[in-house]
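Notes to accompany the following structure.
Numbering (the working numbering), first residue to last: 8 to 150.
Take a look at the structure:
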């Protein structure tokens, strides 16, 4: 299982949980966040799609191309891969706009998580691709 954390600053970080099932991961996440006072609700969005934009000159493993939907444009020189996911969103400070704006001003706060579940043989190639794209994306944000 791979969890992709989407941050307020517009970047993402992939995290690999080898051998961890979705039930155990969600139970741990909900248990650790439910007692926090700023949490107003937790959303689980099933049958979501994680759209991964592939920058130019980024190689994609043939197993990824064979198992997931990939759409490319030669004019724009980019491709998009659609990975099935489960969205996990924690809503904070819904009733207090000042605290919510303060929380949103920190670019390192996690907005939501995309949970990618796939065959174990595809986890490593997908994780490698996500890490390469994340590094390129973070380099562009920090410039």
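Virtual Cβ for every residue (Gly too), placed ideally from N, Cα, C.
Do you know offhand how far residue 56's Cα is from residue 12's? 14 Å
Can you check whether the CB of residue 18 is closer than 8 Å to the CB of residue 8? no
Hey, would you say residue 132 sits closer than 8 Å to residue 70, going by beta carbons? A contact, by the Cβ cut-off of 8 Å.
Within 10 Å of its beta-carbon, does residue 51 have 16 or more other beta-carbons around it, so buried, or fewer, so exposed? Classified as exposed, residue 51 has fewer than 16 neighbouring CB atoms from the shown chains inside 10 Å of its CB.
Quick check on this structure: which residue in 39, 49, 14 and 29 has the alpha carbon closest to the alpha carbon of residue 100? 49
Counting C-beta neighbours from all protein chains within 10 Å, is the total for residue 120 16 or more, i.e. buried, or is it exposed? Buried: at least 16 other Cβ atoms inside 10 Å.
Per DSSP, which one or two residues make a beta bridge with residue 121? 11 and 94
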